[in-house]
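Following: one structure in structure tokens, then a few remarks.
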Amino acid sequence: ASIPRVALVTGTSSGIGEAVVRHFCAQGHQVLAVDFNPAGKAVAEQAGAAFFKADLTDGEACKAAVAEAIKRFGRVDILVNNAGIQHVSPIEEFPEAKWRQIIDLMLTAPFLLAQAVWPSMRENGWGRIVNIASVHAQVASPGKAAYISAKHGMIGLTKTAALEGGSQGITANAICPAYVKTPLVDGQIADQAKMHGMEEQEVIEQIMLKNAAIKRLIEPAEVAELVGYLASDLAGAVTGASWNIDLGWTAQ
Ligand code: NAD
Numbered sequence: 005a006s007i008p009r010v011a012l013v014t015g016t017s018s019g020i021g022e023a024v025v026r027h028f029c030a031q032g033h034q035v036l037a038v039d040f041n042p043a044g045k046a047v048a049e050q051a052g053a054a055f056f057k058a059d060l061t062d063g064e065a066c067k068a069a070v071a072e073a074i075k076r077f078g079r080v081d082i083l084v085n086n087a088g089i090q091h092v093s094p095i096e097e098f099p100e101a102k103w104r105q106i107i108d109l110m111l112t113a114p115f116l117l118a119q120a121v122w123p124s125m126r127e128n129g130w131g132r133i134v135n136i137a138s139v140h141a142q143v144a145s146p147g148k149a150a151y152i153s154a155k156h157g158m159i160g161l162t163k164t165a166a167l168e169g170g171s172q173g174i175t176a177n178a179i180c181p182a183y184v185k186t187p188l189v190d191g192q193i194a195d196q197a198k199m200h201g202m203e204e205q206e207v208i209e210q211i212m213l214k215n216a217a218i219k220r221l222i223e224p225a226e227v228a229e230l231v232g233y234l235a236s237d238l239a240g241a242v243t244g245a246s247w248n249i250d251l252g253w254t255a256q
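See the structure below:
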């Protein structure tokens, strides 16, 4: 069993973030779940976590979330940057406001949160930053300029945090999943089915799993398990790395 830690997890009302909150609570960690969706409160409390409502596209809200964790639990040991959204549109038509929203949420918020938790981790000589990136932090697909740019940027942030944290007991790693069975992907399956006039199962098999060696979607719990490892004591030698859970997508 691991030592109980204090974790701040973002994007926790559903999907991967919810699975990470459950995993940490089951390990006995104290967890602050942060999301802008008020439905996240019931999800968090059911898992045994505290909830803080914040729209992370707002820098002040990012700082307030960390202040809340420190007020409640006295420190932050683990930061999981998970909140994310998608918008599909060719570059030529991509709305500037959507671009800015995605960069704010998926690149600037992880930076501001890391900055805000840093003093606590440094003082304790122990910290774990786990960034939920994507296979789209490694390779691109058409139509996802903002998401792919944010996720590639997240790898740069992860590597920089790893170098700066090395002497302070702070590690930083990124996880790069292919398609995980979550509401975010359910929405994309439905949209693509409509767009291409296909059955949803065909979209999964012919579009989402086209590059996959293993032909199935990933479960949120499979991602949470790796988060748990990277946040553990035994992962203290692991930093600055990108961990693919991509069904073999990037092996080719
Ligand atoms: P999801 O839609 O189930 O969860 C995303 C969460 O982020 C939700 O709880 C949502 O309320 C929250 N959120 C969105 N905007 C927010 C904001 N402005 N402020 C605060 N919270 C906000 O999606 P998911 O699939 O679990 O995605 C989680 C992360 O995993 C994302 O960063 C996503 O890019 C990444 N990811 C997902 C997949 C996948 O296939 N599902 C693959 C690779 C990476």
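In terms of full-length UniProt numbering, the sequence shown has 71 at position 67, counting the first letter as 1, and numbering is strictly consecutive.
Yeah, the Cβ is synthetic: ideal placement off N, Cα and C, and Gly gets one too.
| Check | Outcome |
| --- | --- |
| Helix, strand or coil at ALA11 according to DSSP, with G and I counted as helix | strand |
| Closer than 7 Å: GLY21 CB and nearest the ligand NAD heavy atom | yes |
| Reference ILE136; option with closest CA among GLY88, GLY129, VAL121 and ILE208 | GLY88 |
| Nearest-angstrom beta carbon gap, GLU22 and VAL47 [assumed within contact, 8 Å] | 6 Å |
| Secondary structure of SER171, DSSP reduced to three states | helix |
| beta-carbon THR89 near the ligand NAD non-hydrogen atom, thresh 7 Å | Looking at the sequence shown, residue 89 is not Thr but Ile. Yes, the Cβ of ILE89 comes within 7 Å of a heavy atom of the ligand NAD. |
| Whole-Å CB distance - VAL70 paired with LEU12, under 8 Å assumed | 7 Å |
| Assumed close pair ALA216, TRP253 - CB separation to whole angstroms, cut-off 8 Å | 5 Å |
| Closer than 7 Å: ASN215 CB and nearest the ligand NAD heavy atom | no |
| Span of the alpha helix (DSSP H) around ARG126 | 113-128 |
| Validate contact between the stretch 195-206 and the stretch 143-161 using beta carbons, cut 8 Å, 3 pairs | no |
| The stretch 191-198 contacting the stretch 228-248, beta-carbon criterion three pairs below 8 Å | no |
| Cα-Cα separation, GLY173 to ALA37 | 24 Å |
| Exposure label - PRO181; buried when at least 16 CB within 10 Å | buried |
| Which of helix, strand or coil DSSP assigns to ILE179 | strand |
| Selected residue, minimal CA-CA separation from THR61, among LEU161, PRO42 and ILE106 | ILE106 |
| Beta strand (DSSP E) runs wholly inside the stretch 66-101, at least 3 long, in chain order | 82-85 |
| Any non-hydrogen atom of the ligand NAD within 7 Å of MET202 CB | no |
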